[in-house]
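The sequence shown begins at 310 in the numbering used here and counts up by one.
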Amino acid sequence: MRIRTSTPRRSTRAVVAAVVLSVMSGLLLPFATVAAAQAVPGPETISSSSVAWRVTDASGALVGGATFELQGPRTSTVWGNMEWNVSWNTAITVTDCSAAPCAGPDIDPDAGELQVASIGSHRVETGARYRLRQTASAAGYESPSTAWSEMGSNAQWQSRVYSFPAFQVVALPEVSCASSRLYATSANGTVSAIAVTGAPASLSTFGQWPGVDDVNALGASADGALYALQRASATSVQSVLRYSSTSGWQSIPASYSAGSSLIAGAVSPVNGRFYFGGGFLEGSVYNFRLHQFDPATGAVSRVGIITTSLTAEQNADIAFDAAGNLVVFHSPLNGSTTVSRFDVAAAAVSAGTGTTRLASVRSTIASVATNVNGVAFDSDGSVYFGTETQLRRVDAAGGTPTTIGQLPSSVDLASCAAPVTITVQKAVPARVAATDQFALSIRQGTSGTVLGTATTTGTATGVQGARITDITVPTSETVTISESMASGTAANYDASWACVSGTQVIASGTGTSGTFITPATGGASVVCTFTNAPLVTSITVRKDMQDVNGANTAPRERWTVGAAVASGATQIGAVTTSTQLTAANGTASWTIRHTSASTAARIAISEQQQAGFDFVQAYCDVTPPGGTPARTAITSAAGSTLTIAPGSTVSCVFTNKVRPTTLTLVKQVTFGTAQTSLFTLTATAPSGALAGPTGASGAATTTSARITPAVAYRLSESGGPATYTQVGSWTCVNQAGAPVAVSAAGDITAPQGDDVTCTVRNATANLVILERIEGTTSLTASQFSLTSTPTALAGLEATTVTGSESVASGSTIQVRPGHGYALTSTSTAASIGLRFERYTGTVGANGSVDHTNAALWVAADPATVSVAAGQTGIYRFVATAPNPFVLPTTGGVGTAQIQLLGGGFAALALLTGLGLLLQRRRHAA
């Protein structure tokens, strides 16, 4: 028996080299050194062996972006003609490199061309066998097969490169919104494309969502996507299904309990959201509950309820017209062939919040089919109705439904080919007479069936409430719109009309009728407006305001703007003044009648600037009849005079910027040496306003602080030494130095844009206490301690100074203005207090006072002394020494003896009291 392993034969020298490389693998990289590839057609030229392949479409064009799995080398055990233990060994993922430098296994930078020289640690070798399969296609393509492409045992290598056969991918089909194209889905997710080019309609398999089994509620979007639901039950969603030619067949998890059946689906052409829903029993009525899926956020939510008054159980489907109006079709399950139609305005759908009752208008279509489960619009205005097996059509003009094809187990229909809708409306800049009214009509062709009419009422100007709304017509269809006077004289008006689709004017003209061809693209929403003006020009001036940072531009209400007629016209309409206050939307409008159709008017456009705001820019766009806007720049609030042709539309914008309103708080110490930083100044804001400044004078927090204008801020101060009090009220001035009122309560209200500075002043008072010694004695003032004791107040303390007969810093005390102080004089030296007095004279340069002029001293009470703010109060205690002990020359007791005797008695009394106290303490002990 001979057993061998199937590997490529190599020379002994090659085997030895391989062994050496294996032994040195810890030191050497086992990869071939490959130079950076350059983008060239075909495999890149490199120094080592490689495998290469291409990805192409049906035409042979290269398609970049695919991903592959590459395996090899192949090894096996062979015995005779038997082979086992087959292994492809290492597997790697290869993603197409489309631009140099290439970082992955693919070394070819050409999109759609792939080339690999190493599989993990294995270098590709000629003679070895490899296999390859595609695992992911490029965006917008799919691979018909994911089978392995294997090299045979006799694979041909050219220049050390083996080229696998090209992988051909197929472009994913695009969802068509063309006329007569619609789609049907089965419950298993198979989608059929239907082309109604004749009878019967042709069907083809479009594709299938994989792994689904309960699909319904098909919808098609204008951007070429299909949506549907994979239901977890009849009333709950498991996932939202989506298909597009760029992303393929997707399933988006969306667990959601609907509270209704899930049988209807459509995509709004206005917002791109997928709407779905179905009936539910509410009391005895089967109403319709609408839900939505937002592709932008992935959110699923309820929209609202359409009340139907239908008492029989219904099948249903929904569709949107080009304007976003929703149509709900109900088909009863009791065998009736009559379909009920409920039209819901686009605005109602947009405003739905979940439990909202969406207003609708009901109509019926007879003899359609039984159990209709799908509905789709066509761009010609036709409506397709589908049952499980049958497709029927009702044309735009109504009539009898006709069968145009069969369906393969269909559960729903959808299309994105919406019909053209036309709205005809009347714009009345001004009526010549208040009773003038206008009748509107639209008809097929130039003299065909009248499709709709409307007549204006009332006296309002602008676009009238009465209009012909959302008339459905085919694409490329000739229609005629017209107007006539329901009351009044047509000769009084210069009539013109214009039809707009989106932002494009598709037809316009003068006169009272116009014929045009509807857009060739389905889904267009055309709005035709008749404008009748008695040689009228309409002028709108809008006021925009920026915030203090020059951002957040918004309309400004109640701002005076002007449009004054200088010549060539007269002002008509409700507004008779040349200036107006802007409305809530920031605009003010005027209407003028030109003197003749050939007379231009000169109009002075302006604004009245208000204090607290700065002019930024202004301009006027003037649009002549049937013309394009021309812009004129305005450089100041004073405005500019424009020359306007009859029938023009003038739109002007003035933009201003809010000047910041600021408040600065300043502290001044008018008397005393206290630092202003010791005081905290505050402007307290009312609720909802910007916080007021607070902090020390001169700090950043109290300097030019932003505040809310026109609201009252309460000014206050705190802190500072207790020996200081506020002097007078706060005073405020604006940037021009003009006073700004401060209320009695201390409230300041700053006008818009003012830079207000508010100042509060504080002062202390000086109290000078002197000691005057009278008589000839050795007693001096410095032997006395003079104390000022304040009436109790937090922060105030008693202060003692050394007696002095002259004013000096040592005899001066800062006291709280107006506060009561008790003054005392004490001394250890024998003295007799004579009196206490207040000085009213002047102080000498050296601090001296005139102690000898009794007229300058007035009696005062030392128990209640106070000094006014900013003042210096000078007080003195007058004392003298006791007379010496001298016997009278005639005998008897002298005054000194009497004084000593009195002092002796006092001392005796004091000693007696002290003895009694000690005796009581001993007794108590």
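Beta carbons are placed, not taken as given, at the ideal position from N, Cα and C, and that holds for glycine.
In this structure the stretch 991-1009 does not touch the stretch 943-953; the number of beta carbon pairs closer than 8 Å is below three. Shown here, G1119 sits in a helix according to DSSP, grouped into three states. The Cβ neighbour count for R1185, taken over all protein chains shown within 10 Å, is at least 16; the residue is labelled buried.
Look at L590 here: in three-state DSSP terms it is strand.
In the DSSP assignment, F473 is bridged to no other residue. In the displayed model, T646 falls within coil according to three-state DSSP, outside both helix and strand.
Per DSSP, V1036 lies in no beta strand (DSSP E) and is assigned neither H nor E.
Distance between S1140 and R1125, taken at the CA atoms: about 31 Å. D721 counts as buried, since at least 16 other C-beta atoms from the protein chains shown sit within 10 angstroms of its C-beta. Assignment of S986 by DSSP, reduced to helix, strand and coil, places it in the helix class. Here the C-alpha atom of N525 lies approximately 15 Å from the C-alpha atom of G516. By the Cβ rule, the stretch 825-837 counts as touching the stretch 794-814, because three or more pairs are nearer than 8 Å.
DSSP lists no beta-bridge partner residue for P933. The three-state secondary structure of L1165, taken from DSSP, is helix. In this structure, P969 is the residue among T932, P969, A910 with its C-alpha nearest to the C-alpha of A920. Rounded to whole angstroms, the separation of the alpha carbons of D417 and A400 is 19 Å. The beta carbons of G586 and L599 sit about 4 Å from each other, so the pair counts as a contact at 8 Å. Taking each of E786, A748, V360 in turn and checking the Cα distance to R776, the smallest one comes out for A748. The C-beta distance from A873 to S887 rounds to 4 Å, short enough to fall under 8 Å.
Residue range 655-660 is occupied by the alpha helix (DSSP H) that includes A657. With a 10 Å radius around the Cβ and a threshold of 16 neighbouring Cβ atoms, A875 comes out exposed. Between F583 and the set S593, E591, A567, Q601, the nearest pair of CA atoms involves Q601.
Cα atoms of T1073 and G1127: separation of roughly 10 Å, rounded to the nearest angstrom. Look at T1010 here: in three-state DSSP terms it is helix. Here DSSP, grouped into helix, strand and coil, assigns S511 to strand. The Cβ atoms of N596 and T616 sit closer than 8 Å to each other. Take L1165, set aside five residues on each side of it, and the residues of its chain with a beta-carbon closer than 7 Å to its own are Y1148, T1149, G1150, D1159, in chain order. Remark: C-beta atoms of T646 and S618 do not approach each other more closely than 8 Å. Bridge partners of V670 according to DSSP: D652.
For N525, the secondary structure class from DSSP, reduced to helix, strand or coil, is strand.
With the rule of 3 Cβ pairs closer than 8 Å, the stretch 477-496 counts as touching the stretch 446-456. In the three-state reduction of the DSSP assignment, N801 falls in the helix class. The three-state reading of DSSP puts S1091 in helix, counting H, G and I together. Secondary structure at G823: strand, using DSSP grouped into helix, strand and coil. The distance from the Cβ of D853 to that of G797 is about 38 Å, inconsistent with a contact at the 8 Å cut-off.
Within the same chain, and ignoring the five residues on either side of V658 in sequence, the residues whose Cβ sits closer than 6 Å to its Cβ are L635.
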